[in-house]
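Visitor: Counting along the sequence shown from 1, when you hit position 305 you're at 305 in the working numbering, and nothing is skipped either side. Can you read through this structure? Questions will come right after.
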Amino acid sequence: MKELPAGNLLPRITVTPPGPRSRALATVLRDYESPNITQISDSSPIFWHEARGANVLDVDGNVYIDMSAGFGVAAAGHRNAKVTQAIQRQLDRLAHGLGDVHPPDIKVQLLKRLAQITPAGLSQTILASSGSEAVEAALKTARLASGKAGVLCFTGAYHGLTYGALAVTDGHTFRAPFADQLGIPIARAPFPDPYRPPPQLRGHTDPAGAALEIVAQLLESGRDQIGALIVEPIQGRGGNVVPPAGFLRGLRDECDRRGIVLIFDEVYTGFGRTGRWFASEHEEVVPDLLCLGKALSGALPLSACVGRPETMAAWPTSSGAAIHTSTFLGHPPACAAALAEIDEIESCDLAARAARLGEALLPRLLELQQRHPSIGHVRGRGLLWGLELVSDRKDRQPDRQLAARLTASALRRGLILLADGRDDNVLSLTPPLTISDAQIEFSLVALEDCLAEV
Ligand code: PMP
């Protein structure tokens with residue numbers, strides 16, 4: 001039975017979360033899920049039962065505002081009516097096809113649509129199911145196109161956790177247990193994080209210029225091995241880090257000079273999140289390969305690597321057994337969801353809405369920062385914001401515990417918040433782009449109360 005009424009609701013917490021039903025489910029989960037997956041503690045998790053717009057209803061009847069948009073997926077809102085109808089219609093007709101042999105008709109529609117909405121020059125796509133797989137497809141494409149195995153990637157990068165993606169993802173905890181199985185040779189350059197520059201960039205007045213110089217040096221010394229460069233135009237999970245203007249352009253120029261395949265990973269930042277369809281459009285820089293996921297479908301597992309036909313031409317023409325494909329490639333309900341999600345983002349102009357809400361949010365977040373020395377930096381764009389939490393503003397030690405206390409306190413007030421960043425100390429505000437003004441207002445007041453409480 002569905003219980004969430006239509007409309008943008010403010011939170012309603014009737015049982016302190018996690019309530020008894022969530023706790024009971026967590027006890028079962030502990031026995032049946034691999035222990036690495038879900039952290040179970042006194043304050044987490046709540047189990048989702050229903051979602052709509054920016055709201056989530058848990059199994060104990062509490063209503064929340066989801067400031068994570070379900071890991072950035074629900075750009076047009078959870079259970080968007082048009083998306084849900086499109087999925088249902090598709091399910092009534094064709095739930096599964098032979099993706100790379102006798103494909104579902106709807107796959108063709110989606111591929112054409114992707115060519116329309118992505119920057120000019122990008123028109124050929126490899127579909128997949130997760131963001132990590134889109135990255136895998138890009139890395140393989142770049143390998144074929146460049147003839148070289150090596151990849152240049154960045155500090156703080158998150159590209160997913162499958163082996164190819166993990167090879168270019170940064171972060172000791174993700175990589176260390178599997179380091180001896182990460183086969184792709186990589187070089188890692190410092191990402192010009194203006195808020196917490198990596199050691200090589202500290203003290204530089206022009207961190208982007210300094211980072212570009214290091215990129216050039218690494219590409220030069222690895223010229224026989226490195227054929228690709230992968231970067232997030234704005235780092236998402238790395239802590240919502242916006243690089244200085246000119247950085248992406250500099251990378252494009254460097255790649256052009258050396259014949260390197262430039263990959264932008266916009267799995268997080270795509271589909272209006274930052275105020276443009278794609279974050280790289282703020283700088284009008286077009287990559288050779290663009291990785292998409294999350295809000296591409298808004299609901300079902302679907303991802304894409306969209307490329308220039310010249311780059312995709314590196315793949316052999318299929319002679320029967322495609323050398324890169326998967327069982328669910330072009331999954332019909334996921335394609336239907338994506339077509340509807342893209343229509344919704346376009347017809348409701350959600351990218352412009354994200355830009356507008358983001359501009360209104362910035363001064364409010366800066367006010368919050370003024371009042372609370374535990375907020376080190378406020379950064380972001382559109383509806384992708386990060387509040388860096390530090391032990392105090394002078395020594396600026398990342399405060400992971402504070403972030404954990406804040407997310408727990410926020411949950412009790414009806415806000416679903418996640419902490420990102422290398423030190424898990426960046427509170428991420430990435431709500432659905434359809435979030436209402438009243439829901440934003442509520443969230444800001446609740447956040448202030450949380451900061452006062454913890
Ligand atoms: N790239 C980026 C930029 C991401 O943010 C993520 C997921 N957070 C991924 C890739 C991996 O996507 P998935 O979890 O769907 O594999």
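Ideal Cβ placement from N, Cα and C applies to all residues, glycine included. Remember, predicted model here, so these are calculated numbers, not experimental data.
Let me make sure I understand the geometry here. Which of Q85, A352, L290, R381 has the alpha-carbon closest to that of L362?
Guide: The count along the sequence shown starts at 1 and reaches residue 362 at position 362. Nearest C-alpha to L362: R381.
Visitor: Taking only three categories from DSSP, how would you classify V242?
Guide: Residue mapping note: residue 242 aligns to position 242 of the sequence shown, counting from 1. In the structure shown, V242 sits in coil (DSSP, three-state: anything other than H, G, I, E or B).
Visitor: Helix or strand or just coil, what does DSSP make of L387?
Guide: One-based indexing of the sequence shown puts residue 387 at position 387. Strand, per DSSP.
Visitor: What do you reckon, is the C-beta of H331 under 7 Å from a heavy atom of the ligand HEM?
Guide: Of the ligands this structure carries, namely the ligand PMP, none is the ligand HEM.
Visitor: Does the beta-carbon of V306, which I'm using as the reference point, lie nearer than 7 Å to any heavy atom of the ligand PMP?
Guide: Here residue 306 is taken as the residue at index 306 of the sequence shown, counted from 1. Result no, Cβ not under 7 Å from the ligand PMP.
Visitor: Taking only three categories from DSSP, how would you classify E50?
Guide: Against the sequence shown, residue 50 aligns to sequence position 50. Three-state result, E50: strand.
Visitor: Can you name the residues that DSSP bridges to V378?
Guide: Along the sequence shown, read from residue 1 onward, the residue named residue 378 stands at position 378. BP columns for V378 point to L387.
Visitor: To the nearest angstrom, how far is it from the Cα of R371 to the Cα of C450?
Guide: Counting from 1 along the sequence shown, the entry for residue 371 is found at position 371. Counting from 1 along the sequence shown, the entry for residue 450 is found at position 450. C-alpha separation (whole angstroms): 13 Å.
Visitor: Going by C-alpha to C-alpha distance, which of P35, G131, L98, V135 sits closest to L289?
Guide: By one-based count along the sequence shown, residue 289 stands at place 289. Among P35, G131, L98, V135, the Cα nearest to that of L289 belongs to V135.
Visitor: Could you spell out the range, first to last residue, of the beta strand (DSSP E) harbouring C305?
Guide: For this step, residue 305 is matched to residue 305 along the sequence shown. Taken as a continuous stretch (DSSP letters only), the beta strand (DSSP E) holding C305 covers 303 to 307.
Visitor: Please report the straight-line C-alpha distance between A216 and N62, rounded to a whole angstrom.
Guide: Against the sequence shown, residue 216 aligns to sequence position 216. Against the sequence shown, residue 62 aligns to sequence position 62. Between A216 and N62, the C-alpha separation is close to 52 Å.
Visitor: Do three or more CB pairs link the segment 49 to 66 to the segment 21 to 31 at distances below 8 Å?
Guide: Taking 8 Å as the limit for Cβ pairs, the verdict is that the segment 21 to 31 does touch the segment 49 to 66.
Visitor: Between the segment 295 to 311 and the segment 125 to 132, can you find at least three pairs of beta-carbon atoms closer than 8 Å?
Guide: Yes, the segment 125 to 132 touches the segment 295 to 311.
Visitor: Looking only at its own chain, which residues have a Cβ that is under 6 Å from the Cβ of G421, when we skip the five neighbours before and after it?
Guide: Your numbering for residue 421 matches position 421 in the sequence shown. Counting only Cβ-Cβ distances below 6 Å, and skipping sequence neighbours, we find G239.
Visitor: Any heavy atom of the ligand PMP within a distance shorter than 7 Å of the CB on H159?
Guide: Residue mapping note: residue 159 aligns to position 159 of the sequence shown, counting from 1. At least one heavy atom of the ligand PMP is nearer than 7 Å to the Cβ of H159, so yes.
Visitor: Given a cut-off of 8 Å on the beta-carbon distance, is the pair I46 and P11 in contact?
Guide: The sequence position of residue 46 within the sequence shown is 46, counting from 1. The sequence position of residue 11 within the sequence shown is 11, counting from 1. No, these two residues do not count as a Cβ contact at 8 Å.
Visitor: If you check the beta carbons only, do G147 and P432 fall under 8 Å apart?
Guide: Position 147 of the sequence shown holds residue 147. Position 432 of the sequence shown holds residue 432. Taking 8 Å as the Cβ cut-off, G147 and P432 do not qualify as a contacting pair.
Visitor: What is the DSSP secondary structure of T118, reduced to helix, strand or coil?
Guide: By 1-based counting over the sequence shown, the position of residue 118 is 118. Three-state result, T118: coil.
Visitor: Mind checking whether G183 and A167 have CB atoms under 8 Å apart?
Guide: Residue numbering aside, residue 183 sits at position 183 when the sequence shown is read from its first letter. Residue numbering aside, residue 167 sits at position 167 when the sequence shown is read from its first letter. Cβ distance < 8 Å, so G183 and A167 count as in contact.
Visitor: Examine the ligand PMP and report whether any of its heavy atoms sits within less than 7 Å of the Cβ of Y268.
Guide: As a working note, residue 268 is residue 268 in the sequence shown. Yes.
Visitor: Is it buried or exposed for I323, if we count other Cβ within 10 angstroms and need 16 for buried?
Guide: Taking the first residue of the sequence shown as 1, we reach residue 323 at position 323. Classification of I323: exposed, given that the 10 Å Cβ count is below 16.
Visitor: Could you give the DSSP three-state label for F264: helix, strand or coil?
Guide: Within the sequence shown, residue 264 is the residue found at index 264, counting from 1. Strand, per DSSP.
Visitor: Spell out the partners DSSP gives S428 in its beta bridges.
Guide: In the sequence shown, residue 428 corresponds to position 428, counting from 1. G386, L418.
Visitor: Strictly by DSSP, which residues pair up with H78?
Guide: The count along the sequence shown starts at 1 and reaches residue 78 at position 78. Looking at the DSSP assignment, H78 forms a beta bridge with G53.
Visitor: If you run the structure through DSSP and keep just helix, strand and coil, what is H172?
Guide: Taking the sequence shown and counting its residues from 1, the one referred to as residue 172 is at position 172. Reduced to three states, the DSSP call for H172 is helix.
Visitor: Would you kindly work out how many angstroms separate the C-alpha atoms of H159 and E232, rounded to a whole number?
Guide: What you label residue 159 is simply residue 159 of the sequence shown in a count that begins at 1. What you label residue 232 is simply residue 232 of the sequence shown in a count that begins at 1. Near 8 Å, if we compare the C-alpha coordinates of E232 and H159.
Visitor: Can you determine whether any heavy atom of the ligand PMP sits closer than 7 Å to the C-beta of D424, and answer yes or no?
Guide: Along the sequence shown, one-based indexing puts residue 424 at 424. For the ligand PMP, not one heavy atom lies less than 7 Å from the Cβ of D424.
Visitor: Helix, strand or coil: which one does DSSP assign to S34?
Guide: By one-based count along the sequence shown, residue 34 stands at place 34. S34 falls in the coil class under three-state DSSP.
Visitor: Between S428 and L444, is the Cβ-Cβ spacing less than 8 Å?
Guide: Along the sequence shown, read from residue 1 onward, the residue named residue 428 stands at position 428. Along the sequence shown, read from residue 1 onward, the residue named residue 444 stands at position 444. No, these two residues do not count as a Cβ contact at 8 Å.
Visitor: On the DSSP bridge assignment, give the partners of V231 in chain order.
Guide: Against the sequence shown, residue 231 aligns to sequence position 231. Paired residue(s): F264.
Visitor: Express the C-alpha separation of T434 and V267 in angstroms, rounding to a whole number.
Guide: By 1-based counting over the sequence shown, the position of residue 267 is 267. By 1-based counting over the sequence shown, the position of residue 434 is 434. The straight-line gap from Cα to Cα measures roughly 19 Å.
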